Each structure stands twice: as C-alpha cells, then as structure tokens.
Amino acid sequence: TLEAPGTFEVSARVMSGLSMQPVPGSGTRVSTTWRRAPRVSGAVLNDALDGMVVTFEVSTDMACSTGRTHERCADFQNSNPTGDGCCDYFAAASCASLGAGSADFPAKCVWEDPTHIVVTFGTGATVGPFEKLELLPLIRSADGSSNPITLPVLVQPPRQLLPPTARILSAAQASSCDAVVLDASASSGGGGAQMAFTG
Numbered sequence: 001t002l003e004a005p006g007t008f009e010v011s012a013r014v015m016s017g018l019s020m021q022p023v024p025g026s027g028t029r030v031s032t033t034w035r036r037a038p039r040v041s042g043a044v045l046n047d048a049l050d051g052m053v054v055t056f057e058v059s060t061d062m063a064c065s066t067g068r069t070h071e072r073c074a075d076f077q078n079s080n081p082t083g084d085g086c087c088d089y090f091a092a093a094s095c096a097s098l099g100a101g102s103a104d105f106p107a108k109c110v111w112e113d114p115t116h117i118v119v120t121f122g123t124g125a126t127v128g129p130f131e132k133l134e135l136l137p138l139i140r141s142a143d144g145s146s147n148p149i150t151l152p153v154l155v156q157p158p159r160q161l162l163p164p165t166a167r168i169l170s171a172a173q174a175s176s177c178d179a180v181v182l183d184a185s186a187s188s189g190g191g192g193a194q195m196a197f198t199g
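At position 49 of the sequence shown the residue is numbered 49 (this note's numbering), and the sequence of numbers has no breaks.
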C-alpha cells in the first residue's frame, strides 16, 4: 500500500538463512501520481429552463456508463443503472427535483462526451438557479485512478432567459351578464414547471 505519490524502488527478496536477500535483476522503479477527483466547473440552465448542461473541468470515465471500463467500474454496475436515467448519476432527492419520477416524461441525463452531461428535465421538475444537486460517488477521472466526485453541483441561471409565451383562450362573444372564462392552459415556456397566472 502506497500512502503518498512518488517514485519507489521495488525488488523481490527471498529468505536466505536468517535474513531476506534481494534477487539480482528483480529491481524496478515505480512512479505513482495522485489524481484529484473531478470537479464540476458549471451546471448552467438552458434558456428555455427545460434542461441544463453539467460540465466537468477534466475528462471523466463517464461513470463507466458507455462501455469504457476500468477496475472500479463495479461501483457503477452494482448501482443497477438504467442507461439514461438521471438517478444513475444523481442522489435520490436531486434526481427527484430533475423530474425523474414523472410517468409521462421522466428526466434524462445523457453523456455528450467525457466532460458534459446533458440533462433534460422531466415533467414537474422543481430545480432552479442556485440550488445544489448531489452526484452519486461514481464519476472518476478518465482512467479511473482518482477518487469519485463528492462535491455538490451548484445550478447556475441561464445566460439569456426566454420569457414565457402566453396564449389566452375565451369565448368569441359574451353578453354583459355572462361570466367570462379565460383559459391560459395553452401557454408555454414554463420549462416543465407549473406556471402561475395572476389577474
């Protein structure tokens, strides 16, 4: 067990009499390096508020989800991944806030490349700017040599927020004594979240 990175001399030894003696020609030099766990450099909501892109500062192993394997991939395989579900990568509470529990349109999290996860929110997603999301400890450096990521993900607001588009429907005609009903259910731009209407 190596307690710190560095360069080490390694050689075989055999018992000779009452002492251990090196085996001639068996020596070698081993250099080790320490890799810090990947960190998230950004998690920016898109302009429509219906998803975000999580960006890592270095290439990752993509939690071994794309066929790239190393000896620590058992962690991901033992977590029973579904392939594109956000709960494969995010802790339960964070996954729920992304809308993963929706029956009609659940959230999806797909690796675009080793440094980006594209998140599409599900129906009823509640995540918003400046919230913290927790990743499962499954994502390591590209070669798997680092510890898994443990720091939270801070959600950042979109660079340019698109306003909702209101669509108001009502009866074409009404008398002075009739109640007028305005239906705004066809409005869009809520980013998958429930929109509130005030009069």
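We treat Cβ as the ideally placed atom computed from N, Cα and C, and that holds for glycine. Fair warning: this is a prediction, and the values are worked out from it, not measured in the lab.
Exercise for the section: For L49, count neighbouring Cβ atoms within 10 angstroms of its own Cβ and tell me buried if that reaches 16, exposed if not. Expected result: As a first step, residue 49 must be located in the sequence shown, where it is residue number 49. Per the 10 Å Cβ criterion, buried.
Exercise for the section: Could you check the C-alpha separation between V110 and E57 for me, to the nearest Å? Expected result: Indexing the sequence shown from 1 puts residue 110 at position 110. Indexing the sequence shown from 1 puts residue 57 at position 57. Spanning the two alpha carbons is a distance of roughly 17 angstroms.
Problem - Residue(s) in a DSSP beta bridge with L133 - result: Position 133 of the sequence shown, counted from the start, is the residue given in the question as residue 133. Paired residues: V153.
Handout entry: Paired residues, beta bridge with Q21 - DSSP
Key = As a position in the sequence shown, residue 21 is number 21, starting the count at 1. According to DSSP, which records beta bridges pairwise, Q21 is partnered with V14.
Practice task
Tell me whether T126 is buried or exposed, calling it buried when 16 or more other Cβ atoms sit within 10 Å of its Cβ.
Solution key: Walking along the sequence shown from the start, residue 126 turns up at place 126. T126 should be labelled exposed.
Problem - Distance CB(L98)-CB(L136) smaller than 9 angstroms - result: In the sequence shown, counting from the first residue as 1, residue 98 sits at position 98. In the sequence shown, counting from the first residue as 1, residue 136 sits at position 136. Cβ distance not < 9 angstroms, so L98 and L136 don't count as in contact.
Handout entry: Exposure label - T165; buried when at least 16 CB within 10 Å
Key = The residue you call residue 165 lines up with position 165 of the sequence shown. T165 should be labelled exposed.
Exercise for the section: Give the DSSP-derived three-state secondary structure of A107 in the structure shown. Expected result: The count along the sequence shown starts at 1 and reaches residue 107 at position 107. In the structure shown, A107 sits in coil (DSSP, three-state: anything other than H, G, I, E or B).
Practice task
Count the other CB atoms, across all protein chains shown, that sit within 10 Å of the CB of M62; report buried if there are 16 or more and exposed otherwise.
Solution key: By one-based count along the sequence shown, residue 62 stands at place 62. Answer is buried; the Cβ neighbour count reaches 16.
Problem - Per DSSP, the bridge partner or partners of I117 - result: Residue 117 sits at position 117 when you count from the first residue of the sequence shown. The partner list for I117 (beta bridge, DSSP) reads V54, W111.
Problem - Sub-9 angstroms separation of P129 and P157 beta-carbons - result: Here residue 129 refers to the residue found at position 129 of the sequence shown. Here residue 157 refers to the residue found at position 157 of the sequence shown. Cβ atoms of P129 and P157: closer than 9 angstroms.
Exercise for the section: Have a look at H70 and R167 and give me their C-alpha separation to the nearest angstrom. Expected result: Reading the sequence shown from its first residue, position 70 is the one you call residue 70. Reading the sequence shown from its first residue, position 167 is the one you call residue 167. So the two alpha carbons sit approximately 52 angstroms from each other.
Problem - D47 (DSSP reduced to helix, strand or coil) - result: Start at 1 with the first residue of the sequence shown, and residue 47 comes out as number 47. Of the three classes helix, strand and coil, the one that applies to D47 here is coil, per DSSP.
Exercise for the section: Identify every residue that forms a DSSP beta bridge with S188. Expected result: Position 188 of the sequence shown, counted from the start, is the residue given in the question as residue 188. S188 pairs with T165.
Exercise for the section: Assuming P148 contacts R140 (C-beta within less than 8 angstroms), just tell me the rounded distance between them. Expected result: As a working note, residue 148 is residue 148 in the sequence shown. As a working note, residue 140 is residue 140 in the sequence shown. Indeed they touch by this definition, with Cβ atoms about 5 angstroms apart.
Problem - Endpoints, alpha helix (DSSP H) assigned at F90 - result: One-based indexing of the sequence shown puts residue 90 at position 90. That residue, F90, is in no alpha helix (DSSP H); it is neither H nor E in DSSP.
Problem - Sequence-distant residues of the same chain with beta carbon closer than 7 angstroms to Q160, five excluded per side - result: Counting from 1 along the sequence shown, the entry for residue 160 is found at position 160. These residues qualify, in order along the chain: D47.
Problem - Inter-residue Cα distance where the pair is S187 and A74 - result: Residue mapping note: residue 187 aligns to position 187 of the sequence shown, counting from 1. Residue mapping note: residue 74 aligns to position 74 of the sequence shown, counting from 1. Cα to Cα, S187 sits roughly 46 angstroms from A74.
Practice task
Could you spell out the range, first to last residue, of the alpha helix (DSSP H) harbouring Q173?
Solution key: Within the sequence shown, numbered from 1, the residue matching residue 173 stands at position 173. Here Q173 belongs to no alpha helix (DSSP H), and DSSP marks it neither H nor E.
Handout entry: Spatially closest choice to F121 from S102, L154, Q173, R36, by CA coordinates
Key = Position 121 of the sequence shown, counting from 1, holds the residue named residue 121. Nearest option by C-alpha distance: S102.
Exercise for the section: Drop a sphere of 10 angstroms on the beta-carbon of F8, count the other beta-carbons inside from all chains shown, and report buried for 16 or more, exposed for fewer. Expected result: Within the sequence shown, residue 8 is the residue found at index 8, counting from 1. Exposed is the call here.
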